[in-house]
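One structure is given here, and the rest of the page talks about it.
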Amino acid sequence: MARLRTLEILVGAFMVAGFVALFFLAMKVSNLSAAANGDGYAIEARFDNVGTLKVRAAVSMAGVRVGRVESIRFDQETYQAVVTMRIEQRFDRIPTDTFANIYTAGLLGEQYIGLDPGGSPDYLADGDQIEHTQSALVLERMIGQFLFSKAEENSQ
Amino acid sequence: MQRGSRPGAADARAPSSRHDVAGDDLVRIRGLTFSRQGRRILDRVDLDIPRGKVTAIMGPSGTGKTTLLKLISGQLRPDAGEVLVDGQNVHRLGRGALFELRKRMGMLFQSGALLTDLDVFENVAFPLREHARLPEPVLRKLVLLKLEAVGLRGAARLLPSELSGGMARRVALARAVALDPMMIMYDEPFTGQDPISMGVLVSLIRNLNDASRLTSIVVSHDVRETASISDYIYIIANGKVMCRGTPAEVAADDSPWVRQFMDGQPDGPVHFHYEARPLEQDLRGAGVKRS
Amino acid sequence: MINALASLGRFGLAAIASVGRAHLLLLAILAGLPSMLVRPRLLVAQLYGVGVLSLLIILVSGLFVGMVLGLQGYYVLSQFGAAESLGVMVAASLVRELGPVVTALLVAGRAGSALTAEIGLMKATEQLSGLEMMAVDPVRRVLTPRFFGGFIAMPLLAAMFSAVGVLGGYFVGVGLLGVDDGAFWSQMQAKVDFHEDVVNGVIKSLVFGVVVTWIALFQGYDATPTSAGVSSATTRTVVHSALAVLGLDFVLTALMFGE
Numbered sequence: 001m002a003r004l005r006t007l008e009i010l011v012g013a014f015m016v017a018g019f020v021a022l023f024f025l026a027m028k029v030s031n032l033s034a035a036a037n038g039d040g041y042a043i044e045a046r047f048d049n050v051g052t053l054k055v056r057a058a059v060s061m062a063g064v065r066v067g068r069v070e071s072i073r074f075d076q077e078t079y080q081a082v083v084t085m086r087i088e089q090r091f092d093r094i095p096t097d098t099f100a101n102i103y104t105a106g107l108l109g110e111q112y113i114g115l116d117p118g119g120s121p122d123y124l125a126d127g128d129q130i131e132h133t134q135s136a137l138v139l140e141r142m143i144g145q146f147l148f149s150k151a152e153e154n155s156q
Numbered sequence: 157m158q159r160g161s162r163p164g165a166a167d168a169r170a171p172s173s174r175h176d177v178a179g180d181d182l183v184r185i186r187g188l189t190f191s192r193q194g195r196r197i198l199d200r201v202d203l204d205i206p207r208g209k210v211t212a213i214m215g216p217s218g219t220g221k222t223t224l225l226k227l228i229s230g231q232l233r234p235d236a237g238e239v240l241v242d243g244q245n246v247h248r249l250g251r252g253a254l255f256e257l258r259k260r261m262g263m264l265f266q267s268g269a270l271l272t273d274l275d276v277f278e279n280v281a282f283p284l285r286e287h288a289r290l291p292e293p294v295l296r297k298l299v300l301l302k303l304e305a306v307g308l309r310g311a312a313r314l315l316p317s318e319l320s321g322g323m324a325r326r327v328a329l330a331r332a333v334a335l336d337p338m339m340i341m342y343d344e345p346f347t348g349q350d351p352i353s354m355g356v357l358v359s360l361i362r363n364l365n366d367a368s369r370l371t372s373i374v375v376s377h378d379v380r381e382t383a384s385i386s387d388y389i390y391i392i393a394n395g396k397v398m399c400r401g402t403p404a405e406v407a408a409d410d411s412p413w414v415r416q417f418m419d420g421q422p423d424g425p426v427h428f429h430y431e432a433r434p435l436e437q438d439l440r441g442a443g444v445k446r447s
Numbered sequence: 448m449i450n451a452l453a454s455l456g457r458f459g460l461a462a463i464a465s466v467g468r469a470h471l472l473l474l475a476i477l478a479g480l481p482s483m484l485v486r487p488r489l490l491v492a493q494l495y496g497v498g499v500l501s502l503l504i505i506l507v508s509g510l511f512v513g514m515v516l517g518l519q520g521y522y523v524l525s526q527f528g529a530a531e532s533l534g535v536m537v538a539a540s541l542v543r544e545l546g547p548v549v550t551a552l553l554v555a556g557r558a559g560s561a562l563t564a565e566i567g568l569m570k571a572t573e574q575l576s577g578l579e580m581m582a583v584d585p586v587r588r589v590l591t592p593r594f595f596g597g598f599i600a601m602p603l604l605a606a607m608f609s610a611v612g613v614l615g616g617y618f619v620g621v622g623l624l625g626v627d628d629g630a631f632w633s634q635m636q637a638k639v640d641f642h643e644d645v646v647n648g649v650i651k652s653l654v655f656g657v658v659v660t661w662i663a664l665f666q667g668y669d670a671t672p673t674s675a676g677v678s679s680a681t682t683r684t685v686v687h688s689a690l691a692v693l694g695l696d697f698v699l700t701a702l703m704f705g706e
């Protein structure tokens with residue numbers, strides 16, 4: 001019977017260690033603790049081109065992450081992309097005339113939305129829309145423009 | 157136990173004719189046929205196992221004696237024929253009814269088949285724990301009594317790996333009678349035993365049968381030992397019953413086959429030489445051909 | 448020529464029959480769950496046999512794999528000036544792939560082969576027959592606890608492998624190679640997603656747990672009851688488990704991590 005007791009204790013320790021490992025992975029390794037603050041308020045923005053922006057991409061102001069992209073859908077009436085962002089509740093003083101731009105993190109990194117604040121005294125609330133947007137820079141267009149302007153220079 | 161006196165005493169108690177009252181037979185087998193991999197192991201066999209007696213089933217190795225036991229217990233299904241145990245057709249029973257029937261049968265396997273991770277006490281207690289709701293003190297006493305009956309109460313805390321073959325079989329016997337079954341089947345109980353453990357097992361089988369009014373079926377090819385404790389003998393070979401009767405009747409039977417088997421003669425109806433070409437051909441030739 | 452075709456046909460039929468038997472056995476094993484819950488002692492004993500006894504090899508392997516990832520990852524990433532992403536690389540590799548897969552392979556080798564040998568020997572020494580004769584269903588008594596022991600132990604072992612691996616990577620990357628401590632963890636926490644990475648990894652190891660344990664139990668139960676039969680069954684367990692785990696890993700990865 002003493003053997004059984006030792007066995008039970010070891011198995012119990014094993015199970016506990018396993019769950020501790022899972023907990024460690026969840027909390028310290030993944031973004032669970034950050035994503036746990038799921039409530040916030042939603043704001044929309046319309047872009048002509050979202051580039052490679054993905055759901056769950058960061059929404060930052062002054063380089064600090066204030067929210068995440070919740071969904072991206074296509075509007076067949078206006079042929080624009082409609083991005084819904086979820087901003088954390090504590091960042092509730094974003095002016096209504098803020099700019100929403102799509103930037104790229106680093107040279108080859110993923111794209112995110114950067115908010116440049118405007119000067120309006122009114123703040124964005126749940127369900128509001130950002131009027132001023134700048135689409136993602138498309139590499140091919142930039143190269144095309146560059147070549148075109150180079151050609152013009154040479155012909156002058 | 158005087159082995160010499162057994163046949164005479166058995167004679168007095170054995171049924172005088174084969175046509176007994178049907179209720180006296182615990183197991184009735186009619187037309188049992190079973191084949192494995194194309195070979196016919198049992199061919200329309202008829203058997204009766206009388207209640208309360210020790211019945212031996214003997215024959216050369218590989219003639220399906222173990223298969224017969226497994227057919228009786230329902231572990232194998234026959235190709236044809238029926239097996240009636242205590243009036244019930246074994247192979248028509250549903251799962252639950254079959255398990256109920258098995259609780260009333262005990263089986264002693266050739267190797268004992270003890271559970272290797274439990275000690276002797278727990279092995280004997282196993283069927284009691286599984287099937288009987290007994291308070292622990294009662295169970296303890298019961299197990300110790302069963303072990304006492306086979307003479308191994310002192311070995312209660314040993315592991316199966318620490319037992320000799322003979323002792324393991326005795327523990328398995330104690331386990332087989334733990335639930336006080338109505339019949340026990342012994343699969344080659346005497347194989348490979350030294351004379352002392354052989355004597356112990358022989359007397360145990362007989363005494364248990366008489367003391368608890370069990371029905372015992374002993375499958376063996378140890379002619380002398382088995383005949384000394386049996387009330388009735390069947391000899392099976394080539395899938396058929398070659399001979400049946402009391403030990404005295406079988407000893408008096410003079411068919412060459414029975415005589416070769418019972419007396420252990422090296423040559424007779426069962427040939428000494430395996431089928432082969434004439435010797436001169438093999439000696440003259442280069443290789444060894446498969447004939 | 449005809450003989451070769453006939454043998455091939457026989458082999459194919461035997462393989463299909465074997466697959467059928469394996470599935471029937473799985474159903475019988477699962478059907479034994481209610482009766483196992485009545486006897487938790489059996490499950491505890493098996494958790495010990497599969498889980499606790501595999502701990503040593505899992506933890507040591509996890510540590511070394513994590514450390515190697517740290518080394519290799521550093522050399523590759525530092526060429527792009529992206530050494531701070533080492534944490535992400537180590538953690539994502541472990542949690543998504545190496546944790547579940549390597550754990551499954553190690554468990555198949557250690558615990559799977561032991562299970563097969565144990566069941567095969569029980570079959571050879573007629574213990575399973577004996578249980579049947581005592582009106583105890585050997586599948587429910589012997590196989591079901593072992594199955595659920597493996598099923599529960601596998602994801603826990605995989606989590607421990609990944610956790611220890613991340614620590615190993617941290618030790619090598621931050622401790623030995625000078626990657627920034629804060630960057631290591633913060634990038635990891637930003638990029639490794641709980642639902643997509645950790646949960647998917649757990650699902651993978653649950654699937655592997657089912658497959659590895661099932662194969663081990665079936666090979667043991669189906670083995671020819673001789674010493675040669677048990678030994679070849681043990682080999683089959685390891686080989687089939689490895690193939691199944693790697694094949695399923697591809698399928699699961701495509702399903703989970705595709706777009």
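Residue numbers (my numbering), protein chains in the order written: chain D, 1 to 156; chain Y, 157 to 447; chain R, 448 to 706.
In this text, a Cβ means the ideal position worked out from N, Cα and C, and glycines have one as well.
Keep in mind it's a predicted model, so treat the numbers as computed, not measured.
(request) Please list the partners that F14 of chain D has in chain R, where partner means a Cβ-to-Cβ separation under 8 Å. (result) The residue you call residue 14 of chain D lines up with position 14 of the first sequence. Residues of chain R whose Cβ lies closer than 8 Å to the Cβ of F14 of chain D are, in chain order, L494, Y495, G498, V499, L502, A600, L603.
(message) Counting C-beta neighbours from all protein chains within 10 Å, is the total for K651 of chain R 16 or more, i.e. buried, or is it exposed?
(response) As a working note, residue 651 of chain R is residue 204 in the third sequence. A residue is called buried once 16 or more other Cβ atoms fall within 10 Å of its Cβ, and K651 of chain R is buried on that count.
(message) If you reduce the DSSP assignment to three classes, tell me which class D273 of chain Y lands in.
(response) By one-based count along the second sequence, residue 273 of chain Y stands at place 117. Taken through DSSP and simplified to helix, strand or coil, D273 of chain Y comes out as coil.
(request) Please report how far the alpha carbon of M85 of chain D lies from the alpha carbon of V515 of chain R, in whole angstroms. (result) For the purposes of this step, residue 85 of chain D is taken as residue 85 along the first sequence, with counting starting at 1. For the purposes of this step, residue 515 of chain R is taken as residue 68 along the third sequence, with counting starting at 1. So the two alpha carbons sit approximately 39 Å from each other.
(request) Give a yes or no on whether 8 Å exceeds the smallest Cβ distance from A269 of chain Y to chain R. (result) Stepping through the second sequence from its first residue, residue 269 of chain Y is reached at position 113. At least one C-beta of chain R is nearer than 8 Å to the C-beta of A269 of chain Y.
(message) Please report the straight-line C-alpha distance between A178 of chain Y and I228 of chain Y, rounded to a whole angstrom.
(response) Locating residue 178 of chain Y in the second sequence gives position 22, where the first residue counts as 1. Locating residue 228 of chain Y in the second sequence gives position 72, where the first residue counts as 1. Only weak support exists for where A178 of chain Y lies, its pLDDT of 42 falling under 50; the coordinates are left without a value.
(request) Consult DSSP for E153 of chain D and reduce its assignment to one of helix, strand or coil. (result) Residue mapping note: residue 153 of chain D aligns to position 153 of the first sequence, counting from 1. Residue state, collapsed to three classes: helix.
(request) Taking V66 of chain D as part of the beta strand (DSSP E), name the residues at either end of that continuous run. (result) Position 66 of the first sequence, counting from 1, holds the residue named residue 66 of chain D. Start and end: 64–75.
(request) Give the residues of chain R in contact with P486 of chain Y, contact being defined as C-beta atoms less than 7 Å apart. (result) As shown, chain Y starts at 157 and ends at 447. That puts residue 486 of chain Y outside it, with no answer to give.
(message) Quick check: I72 of chain D and V83 of chain D, are their CB atoms within less than 8 Å of each other?
(response) Looking up residue 72 of chain D in the first sequence gives position 72. Looking up residue 83 of chain D in the first sequence gives position 83. It is a contact, given that the beta carbons lie within the stated cut-off.
(message) As an exercise, report each continuous alpha helix (DSSP H) stretch of at least 4 residues that is fully enclosed by the segment 645–684 of chain R, in chain order.
(response) You should have 647–669.
(message) By the three-class DSSP mapping on this structure, what secondary structure does H132 of chain D have?
(response) The residue given as residue 132 of chain D occupies position 132 in the first sequence. In the structure shown, H132 of chain D sits in a strand (DSSP, three-state: E or B).
(request) Report yes or no: is there a C-beta of chain R within less than 8 Å of the C-beta of H247 of chain Y? (result) Numbered from its first residue, the second sequence carries residue 247 of chain Y at position 91. No, H247 of chain Y lies away from the interface with chain R (no Cβ there is under 8 Å from its Cβ).
(request) Please state if the CB of F265 of chain Y and the CB of V299 of chain Y are separated by a distance shorter than 8 Å. (result) Taking the second sequence and counting its residues from 1, the one referred to as residue 299 of chain Y is at position 143. Taking the second sequence and counting its residues from 1, the one referred to as residue 265 of chain Y is at position 109. Taking C-beta atoms as the reference points, V299 of chain Y and F265 of chain Y fail to come closer than 8 Å.
(request) Only counting runs of 4 or more residues, tell me where the alpha helix (DSSP H) segments fall wholly within the segment 546–609 of chain R, in order along the chain. (result) Listed in chain order, the alpha helix (DSSP H) elements of length 4 or more contained wholly in the segment 546–609 of chain R are 546–554, 560–571, 574–580.
(message) According to DSSP, is T6 of chain D part of a helix, a strand, or is it coil?
(response) Start at 1 with the first residue of the first sequence, and residue 6 of chain D comes out as number 6. In the structure shown, T6 of chain D sits in a helix (DSSP, three-state: H, G or I).
(request) Give the secondary structure of Y430 of chain Y by DSSP, where H, G and I count as helix, E and B as strand, and everything else as coil. (result) Walking along the second sequence from the start, residue 430 of chain Y turns up at place 274. Here Y430 of chain Y sits in coil by DSSP.
(message) Is V542 of chain R close to chain D? Criterion is C-beta to C-beta, closer than 8 Å.
(response) Locating residue 542 of chain R in the third sequence gives position 95, where the first residue counts as 1. Yes, because at least one Cβ of chain D sits closer than 8 Å to the Cβ of V542 of chain R.
(message) Measuring alpha carbon to alpha carbon, tell me which residue in D:G118, D:Q80, D:Q129 is nearest I43 of chain D.
(response) Translated into positions along the first sequence, residue 43 of chain D becomes position 43. Nearest option by C-alpha distance: D:Q129.
(request) Could you tell me the distance, in whole angstroms, from the CA atom of P403 of chain Y to the CA atom of Q349 of chain Y? (result) As a position in the second sequence, residue 403 of chain Y is number 247, starting the count at 1. As a position in the second sequence, residue 349 of chain Y is number 193, starting the count at 1. Those two C-alpha atoms are separated by around 23 Å.
(message) Quick check: is the beta carbon of G572 of chain R nearer than 8 Å to any beta carbon in chain Y?
(response) Here residue 572 of chain R is taken as the residue at index 125 of the third sequence, counted from 1. Looking at the sequence itself, residue 572 of chain R is Thr, so the reference to Gly does not match. So yes, T572 of chain R belongs to the interface.
(message) Using beta carbons (cut-off 8 Å, strictly below), is S465 of chain R in contact with chain Y?
(response) Within the third sequence, the letter at position 18 stands for residue 465 of chain R. It does not: the Cβ of S465 of chain R has no partner Cβ on chain Y nearer than 8 Å.
(message) To the nearest angstrom, how far is the alpha carbon of A453 of chain R from that of I463 of chain R?
(response) Walking along the third sequence from the start, residue 453 of chain R turns up at place 6. Walking along the third sequence from the start, residue 463 of chain R turns up at place 16. Here the alpha carbons of I463 of chain R and A453 of chain R stand approximately 15 Å from one another.
(request) Could you run through the segment 215–237 of chain Y and flag, in chain order, every residue whose CB is less than 7 Å away from some CB of chain R? (result) Correct list: S229, Q231.
(request) Kindly indicate if chain R contains any beta-carbon less than 8 Å away from that of G18 of chain D. (result) Here the question's residue 18 of chain D lines up with position 18 in the first sequence. Yes, its Cβ sits closer than 8 Å to a Cβ of chain R.
(message) Counting only beta-carbon separations shorter than 8 Å, does F655 of chain R have a partner in chain D?
(response) One-based indexing of the third sequence puts residue 655 of chain R at position 208. False, the Cβ-Cβ gap to chain D never drops below 8 Å.
(request) For chain R, find out if any of its Cβ atoms is closer than 8 Å to the Cβ of A21 of chain D; answer yes or no. (result) Residue numbering aside, residue 21 of chain D sits at position 21 when the first sequence is read from its first letter. Residue-level contact by beta carbon holds for A21 of chain D and chain R, with a gap shorter than 8 Å.
(request) For the beta strand (DSSP E) containing N49 of chain D, list its first residue and its last residue. (result) Indexing the first sequence from 1 puts residue 49 of chain D at position 49. Here N49 of chain D belongs to no beta strand (DSSP E), and DSSP marks it neither H nor E.
(message) With three or more C-beta pairs closer than 8 Å as the rule, is the segment 567–576 of chain R touching the segment 460–476 of chain R?
(response) No: the two stretches stay apart, fewer than three of their Cβ pairs being nearer than 8 Å.
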